[in-house]
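A short worksheet on the structure shown next.
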Amino acid sequence: MGDEVSESNSIAINSSNKGFQLLKKCGWTEGTGLGASQQGRLQPLQTHVKNNKRGLGAEKIKAKTLKLPQESSSISQNNNERTQSSKKAKALSKRLRKMQEEEE
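Every letter in the sequence shown is one number past the one before it in the UniProt record's numbering, and letter 101, counting from 1, is 101.
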């Protein structure tokens, strides 16, 4: 981020930083806080690099459950049959509702 170290063990923002330049353009002066009455933070937040592809706050890796190939295929076939029959039932019920609404 920067080359200078201040007394509070935080690293100051370098003047070549884009954020620093934007703040300067908007009227901010070094050593004052952000906000209408300069009551905000004086030093930037500490950051760290996140190298894994898990989301923010994810700490633990979930254990993967292994299924046997024969069981999983029969289970998936049963699930497919159930979803197809439920979709047909829903479609029929929607048709019946529409017909009843038209009759009324």
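Backbone N, C-alpha and C fix where the C-beta goes; we use that ideal spot for every residue, glycine too. The model shown is predicted, which means the values in this text are computed figures rather than measured ones.
Rounded Cβ spacing between residue i and residue j (contact assumed at less than 8 angstroms)
| i | j | result |
| --- | --- | --- |
| G27 | L34 | The pair is not a contact, with the Cβ atoms about 11 angstroms apart (cut-off 8 angstroms). |
heavy atom of the ligand ADP below 6 angstroms from residue i C-beta
| i | result |
| --- | --- |
| A12 | No copy of the ligand ADP occurs in the structure displayed, which carries no ligand at all. |
Euclidean distance between Cα positions of residue i and residue j
| i | j | result |
| --- | --- | --- |
| residue 117 | S93 | For residue 117 there is no data in the structure shown, the boundaries of the chain being 1 and 104. |
| Q46 | K25 | 24 angstroms |
| P32 | Q38 | What sits at residue 32 in the sequence shown is Thr, not Pro. Roughly 6 angstroms between the two C-alpha positions. |
| K90 | E102 | 18 angstroms |
| A58 | N51 | 12 angstroms |
| K60 | V49 | 18 angstroms |
| L42 | L23 | 13 angstroms |
| A36 | R97 | 60 angstroms |
Cut-off 8 angstroms between Cβ atoms - residues of its own chain near residue i, not counting five sequence neighbours on either side
| i | result |
| --- | --- |
| G19 | I13 |
Unbroken alpha helix (DSSP H) run spanning residue i, endpoints
| i | result |
| --- | --- |
| L42 | Here L42 belongs to no alpha helix (DSSP H), and DSSP marks it neither H nor E. |
| K18 | 18-25 |
Contacting residues, own chain, Cβ-Cβ under 7 angstroms from residue i (five flanking each side not counted)
| i | result |
| --- | --- |
| E30 | none |
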